[in-house]
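First to last, the protein sequences are chains A and B.
Just so you know, the first sequence maps onto residues 598 to 1146 in my numbering.
Just so you know, the second sequence maps onto residues 598 to 1146 in my numbering.
There are 2 protein chains.
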Amino acid sequence: MINFQTSPDQYKHWKLKIDGPVAQLSMDVQEDATLVEGYKLKLNSYDLGVDIELSDAIQRLRFEHPEVRAVVVTSLKPRIFCAGANIYMLGTSSHAFKVNFCKFTNETRCAMEDDSHHSGRRYIAALNGTASGGGYELAIACDEIYLVDDGNSAVSLPEVPLLGVLPGTGGLTRLVDKRKVRRDRADVFSTLAEGLKGKRAKDWGLINDTFPTSKFQEAIDARIAQVVSLPADENAKVNNLGHMGIKLNPLAFESTDDTRDYKYVSLKLHREKRYADLTVRGPESDLPTTPDDIQELGDNYWALRAFRELDDSLLHLRVNEPEIGLVCLRTEGDIDNVLALDKTLAANRDHWLVREIVLNMARVLRRLDLTAKSFFAIIEPGSCFAGSLLELALSSDRVYMLNNPDQRIEIATSELNAGAFPMSNGLTRLQSRFLAEPEKVDEVLAHKDIFDTEAAEEAGLITFAPDDLDWEDEIRLAIEERTSLSPDALTGMEASLRFAGPETMDTKIYGRLTAWQNWIFQRPNAVGPQGALTNYGKPTQAQFDYKRT
Amino acid sequence: MINFQTSPDQYKHWKLKIDGPVAQLSMDVQEDATLVEGYKLKLNSYDLGVDIELSDAIQRLRFEHPEVRAVVVTSLKPRIFCAGANIYMLGTSSHAFKVNFCKFTNETRCAMEDDSHHSGRRYIAALNGTASGGGYELAIACDEIYLVDDGNSAVSLPEVPLLGVLPGTGGLTRLVDKRKVRRDRADVFSTLAEGLKGKRAKDWGLINDTFPTSKFQEAIDARIAQVVSLPADENAKVNNLGHMGIKLNPLAFESTDDTRDYKYVSLKLHREKRYADLTVRGPESDLPTTPDDIQELGDNYWALRAFRELDDSLLHLRVNEPEIGLVCLRTEGDIDNVLALDKTLAANRDHWLVREIVLNMARVLRRLDLTAKSFFAIIEPGSCFAGSLLELALSSDRVYMLNNPDQRIEIATSELNAGAFPMSNGLTRLQSRFLAEPEKVDEVLAHKDIFDTEAAEEAGLITFAPDDLDWEDEIRLAIEERTSLSPDALTGMEASLRFAGPETMDTKIYGRLTAWQNWIFQRPNAVGPQGALTNYGKPTQAQFDYKRT
């Protein structure tokens, strides 16, 4: 079982050093500390275990070290920054694991960009040695890239020429869409196993600058000094730093073979039927309403804790429960409490901690959108799909709401549905839902009252509203039908239907790039007995079927 | 060998009937007239042969019948409109063929939308019976969809529930992005094998309207009368119809085992080295400069003929020469003649025939962008990469231009590079190239003189400029290197690097949707011995590996 929780005192591969407004995040991968057996993590290559630590470090920077303005990403190994994802790990992994591994590493890099974009923290890749493959992809997720000019160190994307696969952790997309490298140069660079060194790499826009070994540290220090002296972005101000960050404690849960119970989130697996119930319990009624009190409560504050637990549940389901194809999203609690919480969050979004809490909720909801499982929201008496929790229903592939006039079954919107939780495509979930009738977004948001089942159906917020007599059968049948379908066809279908409307760099990475990479990860030319990935590092050579497809 | 040329007198599966401003395009697939053996085209299901005729018909409407304002797409079979791509054909095809088949059918549907968008022809799907799978995808490529209400006929996308694959001919994307069907309803519809009938299909936005059998023809006729009575779009006016359309004659060519020579296009295959030279000869000096004279010349006019030949060559390479991985694009002729031609085209773009000629060039260039082969442009003395032919270089993955001050080696831009040939992403190729420095687009267009090699390199228009001494070795090495790489990795890489910048419905179809479909087409759950596609129509049932990926 893969565990996504960690903390700096447990890190094996990264050192996180905080010095006032500067964090140094240094990669120093321990060869033998692999997630599973069968490979060695040489040359700062990584497996999922290494990336779980990176993801944790970035998350902690946001909550525990809000005073940090610049993050230097570098390596403690001489002459090597990072060699990318470990090839032998990839070569021995199942297809499903490879795909999930890449998705998580992509989410981690997007989280770095989310931090930079929304919280104004500047990520500086200080390449003290060669950055190849995933190593360069990690660098290109940073805001700035500096490469040592030691006559040897290069940046490279050798996946196509050496391995017959893509640089699939956003590399190709960021090359042309983020750094806007000219397409013909991107083509040359991506087919050049040895990559490019200092001057040419700079001329082509692959790095920001290059400095000789003797001046490298000095130049990085100078750039950091510059960054931390710049006035903070208005939206990213770290205000009210009474106690400088809050601690993210481990998420406790109790588990049995088919349940996992956190404080606010419960997971119940129905393995033989290939679905799970994922229940989020809403907030209590006595939550704090001022930033100071929220900060005092820290990671016990519902909005942070419940969504951290939800995040951990989603990762657990993805990686440890591959045969669960459908997740029924449920909520329990009081709608008024959720709406009160949302009101507090909306009123205090300019406070650093509230901002981070809301941004984290947005990231978790995007993780849900990107999870390759079907989601049905099930709305019954006692549920609290309102405001921030209504997003769970809006993220779902379908929404079932019981229609029984004798019971209170209600949903509601809040101010937070109006823009606090953008999807990867930049739209809110309401905008995405009402692409055909954009005026409905405002209508639904303007409706300040709750929606009962009929009103919700009329407003277009739910898919089906079976009555009491049909409810159980209909839900049971819907679950049976869904879980009987081809899991691959569902993954491709959901990835297509969930992201109507505009595309962004993020959706290009999770859509176009990832889908092509997954295709290649299935092709004999990569993973067959004669494939390039299979034969990497062996005396045998790859033999391709040269038919172009 | 698959031949993409046909004409209405040779059609086996479609009837094209022109009646003044109305065309009726009726599907009547002949079961036994299949492209290859091994399946029967029952229930108006189609194979590539059927779609080649459809593509031809749409192309002819634009050139031969410019007076047509409304195109009714319907079926001559009772109670069935179209059952989509033939499953047995898909089940027995190679992966590469399936992928190329889907790409061509996608291009044909995009060509219908291109006609509607740019030439104002209204496509009306008159569903006189059930439209399932690719049948509904054909309908959704039309502007309006009307379904007979006979108690039986439905629209459906049964691919996911019945076959374990996607509706991959744009269906999922057009559902949520063109018709903007709500995502949860799209989810239900795409998993419902039997689809939806009249009223609900209309309520959900899947069709525009539904009429009982007795009133169906009358309603369609009324709608046609309405469409043809509307004033024509200003940009789509069919003016100057002196001789009402021009004839598209068959493209003659001579071929040997490794050459194919059309009038203006020559293809030379180097099969053992897995690359081809594709040479376009530029226009003569004495081309007509008025619309009347161009119309007189008809399909012999260079801009039409050369690009039709180029189109045919690309399709031939895709389907009949799968092992050719790289195409070296070359031109021969006089730059001034190309510039003179572009001037004529630019000056007369409001004439219907010139408009159609330019739109056709744009479509052919998009076909090139979407071809899963590498393209290198090779610029040598005697070449004429100017204006419309410069687009060949701008479409290429790399551009090599000989640097020899003793010879005339030149390229040039024309007004047509400024917007006449949009890529699928909506940008011009110059905009796509200079995403990092958008001001360069105007600079390059403002440069009225030719560019010699040094100026071209300085302007960022070429990739490499080897001198005389290195030229041959460098080109030979570049070819050898390129053709040694994994063809699958190259396909995924090129699909990622060619389309920087915004995404459109078209790029979503060719990127996200197609890549997922290709992935699924490789998965054992679809094509393995227990897969759904393999077992369709057999007494055996599909058995899935339910791991979600």
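Where a beta carbon is used, it is the ideal one built from N, C-alpha and C, also for glycine.
As the structure is a computational prediction, the values presented were derived from the model and not from experiment.
C-alpha of isoleucine 891 of chain A to C-alpha of alanine 620 of chain A: approximately 25 Å in a straight line.
Beyond the five residues adjoining it in sequence on each side, asparagine 697 of chain A comes within less than 6 Å, by CB distance, of Arg915 and Val916 in the same chain, given in chain order. Residue-level contact check: lysine 970 of chain B touches chain A, since one or more beta carbons of chain A fall below 9 Å from its beta carbon. For the segment 1070–1103 of chain A, residues whose beta-carbon sits nearer than 9 Å to a beta-carbon of chain B comprise Glu1078, Arg1079, Thr1080, Ser1081, Leu1082, Ser1083, Pro1084, Asp1085, Ala1086, Leu1087, Thr1088, Gly1089, Met1090, Glu1091, Ala1092, Ser1093, Leu1094, Arg1095, Phe1096, Ala1097, Gly1098, Pro1099, Glu1100 and Thr1101. By the neighbour-count definition (other C-beta atoms within 10 Å, threshold 16), glutamine 1114 of chain B is a buried residue. Interface annotation, leucine 772 of chain A: in contact with chain B, CB-CB separation under 9 Å. Contact between valine 669 of chain A and alanine 1097 of chain B is ruled out by a C-beta separation of about 29 Å, above the 8 Å threshold. Membership of methionine 624 of chain B in the beta strand (DSSP E) is indicated by the continuous run 619–624. Using a Cβ-Cβ cut-off of 9 Å, isoleucine 921 of chain B counts as an interface residue toward chain A, since at least one Cβ of chain A sits closer than that to its own. Residues of the segment 651–662 of chain B with a C-beta less than 9 Å from any C-beta of chain A: none at all. Annotation for glutamate 1071 of chain B: the continuous alpha helix (DSSP H) segment containing it runs 1065–1081. With a 10 Å radius around the Cβ and a threshold of 16 neighbouring Cβ atoms, aspartate 784 of chain B comes out buried. C-alpha of glycine 984 of chain A to C-alpha of glycine 1128 of chain B: approximately 42 Å in a straight line. One Cα belongs to serine 672 of chain A, the other to arginine 946 of chain B, and the distance between them is close to 58 Å.
Taking a C-beta cut-off of 7 Å against chain A, the contacting residues of the segment 1109–1127 of chain B are Arg1109, Leu1110, Ala1112, Trp1113, Gln1114, Asn1115, Trp1116, Ile1117, Gln1119, Arg1120, Asn1122 and Ala1123, listed in chain order. Of the candidates B/Leu1130, B/Ala790, B/Glu893 and B/Pro978, the residue whose Cα lies closest to the Cα of leucine 845 of chain B is B/Glu893. Methionine 598 of chain A is positioned such that its CB atom lies no closer than 9 Å to that of phenylalanine 678 of chain A. The Cβ-Cβ distance between valine 1041 of chain A and leucine 1058 of chain A falls below 9 Å. Cα atoms of arginine 779 of chain A and threonine 1104 of chain B: separation of roughly 19 Å, rounded to the nearest angstrom.
In the structure shown, glycine 726 of chain B adopts extended strand secondary structure according to DSSP, grouped into three states. Within the segment 774–855 of chain A, the runs of beta strand (DSSP E) at least 3 residues long that lie entirely inside it are, in chain order, 806–809. Contact between the segment 1075–1084 of chain A and the segment 918–928 of chain A is present: 3 or more CB-CB pairs across the two stretches fall below 8 Å.
Residues of the segment 979–1013 of chain A with a C-beta less than 9 Å from any C-beta of chain B: Ser993, Asp994, Arg995 and Val996, listed in chain order.
Put simply, of B/Glu1055, B/Leu986 and B/Asp931 the residue whose alpha carbon is nearest the alpha carbon of arginine 1005 of chain B is B/Asp931. DSSP places isoleucine 1006 of chain A in the coil class of the three-state scheme, outside both helix and strand. Of B/Arg902, B/Ser652 and B/Ile1072, the smallest CA-CA separation from leucine 613 of chain B is found for B/Ser652. Judged by DSSP secondary structure, arginine 995 of chain B falls within the beta strand (DSSP E) whose first and last residues are 995–998. DSSP places valine 696 of chain B within a helical segment (H, G or I) once states are collapsed to three. Within 10 angstroms of the beta-carbon of lysine 1045 of chain B lie fewer than 16 other beta-carbons, which makes it exposed. Note on geometry: alpha-carbon atoms of arginine 995 of chain B and alanine 819 of chain A lie some 38 Å from one another. Chain A places no beta carbon closer than 9 Å to that of histidine 1044 of chain B, leaving this residue out of the contacts. For the beta strand (DSSP E) assignment, the segment 883–911 of chain B encloses no uninterrupted run of at least 3 residues. Distance between glycine 1108 of chain B and leucine 1094 of chain B, taken at the CA atoms: about 11 Å. A Cβ of chain A is located within less than 9 Å of the beta carbon of leucine 1032 of chain B. Listed along chain A, the residues sitting closer than 7 Å to tyrosine 1143 of chain B by beta-carbon distance are Arg871, Glu920, Gly922 and Pro1084. By DSSP's assignment, alanine 751 of chain A forms a beta bridge with A/Lys794.
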